[in-house]
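This is the structure:
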């Protein structure tokens, strides 16, 4: 893991390193995984943090956790049962015409 660096800045995870060419005696027509420097960038969503990283058997494992603060979580709004509409009676209408 000494030739791999993992950094996070502005929600961008950068994995960079140097693959050492240990097989100098062979000549290849095509290599699927070239030797030399490499860099890979991953854009992280909001509230995603890198928790841990490990390297085993040539596999790099990066553990991410999404911790959304309570203020940013959606809020469920309960819907109450509405009261039936009130009816206007003719007496209330007559009171309004007398006042004018």
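Residue numbers (my numbering): 5 to 104. Just so it is clear, CB atoms sit at the ideal spot from N, CA and C, and this is done for glycine as well.
- Fewer than three beta-carbon pairs drawn from the region 30-45 and the region 56-75 are found closer than 8 Å, and the two stretches are therefore not classed as touching.
- Here the alpha carbons of residue 17 and residue 9 stand approximately 10 Å from one another.
- When the beta-carbon positions are compared, residue 67 and residue 55 come within less than 8 Å of each other.
- Straight-line measurement puts the Cα of residue 24 at about 32 Å from the Cα of residue 52.
- In this structure, DSSP gives residue 43 an extended state, which the three-state scheme calls strand.
- Annotated three-state conformation of residue 76 is helix, per DSSP.
- Per the DSSP secondary-structure output, residue 13 pairs in a beta bridge with 16.
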